[in-house]
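Below is one structure, written out as structure tokens; the observations come after it.
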Amino acid sequence: MMSEDKVTQLRPKVPCPECGQPSEQDTFPFCSRRCKNLDLNRWLSGAYVLPPAEDDEKPNPDQH
Ligand SMILES: [Zn+2]
6 MMSEDKVTQL RPKVPCPECG QPSEQDTFPF CSRRCKNLDL NRWLSGAYVL
56 PPAEDDEKPN PDQH
């Protein structure tokens, strides 16, 4: 008797950090791509609070 079906249920469902709905495997730990993007955008906007670096030794790859 094999019970391979239970292998996929090892990971418990985690509520989406954005809306609290059960998360999906594709967008873990979020319930949907929308919530994933919401959290990502918030995280990125928070990262922009950091002061700009003063090093100019990074050339712009778009130039030339
Ligand atoms: Zn969600």
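Numbering (the working numbering), first residue to last: 6 to 69. All C-beta atoms in this analysis are idealised placements derived from N, C-alpha and C, irrespective of residue type, glycine included.
Does ligand 1 have a heavy atom nearer than 7 Å to the CB of residue 26? Within the cutoff, so yes.
Tell me whether residue 23 counts as near ligand 1, meaning its Cβ is closer than 7 Å to at least one heavy atom of that ligand. Checking every heavy atom of ligand 1 against the Cβ of residue 23, one is found closer than 7 Å.
Residue environment, residue 33, which counts as buried when at least 16 other CB atoms sit within 10 Å: Classification for residue 33: exposed.
Here's the rule: buried if 16 or more other CB atoms are within 10 angstroms of the residue's CB, otherwise exposed. What is residue 28? By the Cβ-count criterion, residue 28 is buried, with 16 or more other Cβ atoms from all chains shown falling within 10 Å of its own Cβ.
Just to confirm my understanding: we take residue 23, look at its own chain, exclude 5 residues before and 5 after, and list those with CB closer than 7 Å. What are they? Sequence-distant partners of residue 23 (beyond 5 residues in either direction) whose C-beta falls short of 7 Å from its own C-beta, in its chain, are 35, 40, 43, 44.
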